[in-house]
Amino acid sequence: MRREQKAESELLGVYGGMMTLVPVLVIMAIIGFKYFAGLPQLASRNLEQEHTRLLNVLAMVRSQWLLLGKPRALPLNWQTTADQPTQAPGRVRMSGQGWPLPDSLDEAGCRALWQQLMGKDPAADALTASYRASDDTCRFALEQGDSLVYRLNSGGVIFLTN
């Protein structure tokens, strides 16, 4: 009889452990699902911040363009942190209305324009660059579809969400 009681006691212990483990796993699954479901929203939030930053940079570049007497090209010099070497000053082409233009009207030109204006490669923000000739825009898009559209002729920036 003792052997049966011992086996039953061990079985109840295992069953009790399983009953404790199942709710913990369910809670972890719910937390994990909510975390991974929120990642695209974080990327979109980052793009929203880049939108504001791009608007500020465009305003600064245009004011410098006016201050320097409306040159055809404007020198840009970005310094990120004290421990990183300063990048060589670059020049960005300017339109007659004072808006930055890409050197070439294609994907590579839009990518280079983002790098000139924002001081970093668009791939660092998981953005793909493209040029659209029909409306003369550079589009910087996230994989899930949110994007920034920069109008080359007016300097307008549109933030599009999916």
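1 is the number of the first residue of the sequence shown in the UniProt record's numbering; add one for each residue after it. Glycine residues also receive a C-beta, built at the ideal position from the N, C-alpha and C atoms.
Buried or exposed: which applies to residue i, given that a residue is buried once 16 or more other Cβ atoms fall within 10 Å of its Cβ?
i	result
L11	exposed
Y15	exposed
V92	buried
A123	exposed
residue 191	The structure shown has nothing for residue 191, since the chain only spans 1 to 162.
A29	exposed
Thinking C-beta only, is residue j closer than 8 Å to residue i?
i	j	result
N153	D125	no
D146	T161	yes
F159	L148	yes
Y131	G155	no
G90	L76	yes
Taking residue i and residue j to be in contact with their CB atoms under 8 Å, please state how far apart those CB atoms are, rounded to whole angstroms.
i	j	result
P100	V157	P100 to V157, Cβ: 11 Å. No contact.
L55	W65	Not quite, the Cβ-Cβ distance comes to about 16 Å (not below 8 Å), so this is no contact.
G98	K70	7 Å
Consult DSSP for residue i and reduce its assignment to one of helix, strand or coil.
i	result
R2	helix
S90	Checking the sequence shown, residue 90 turns out to be Gly, not Ser. Three-state DSSP puts G90 in a strand.
P75	strand
S95	coil
S63	helix
L152	coil
Please give the ranges of any beta strand (DSSP E) in the region 100-143, keeping only runs that are unbroken, at least 3 residues long and fully inside the region.
Counting only runs of 3 or more residues that sit fully inside the region 100-143, the beta strand (DSSP E) segments are 128-132 and 137-141, in chain order.
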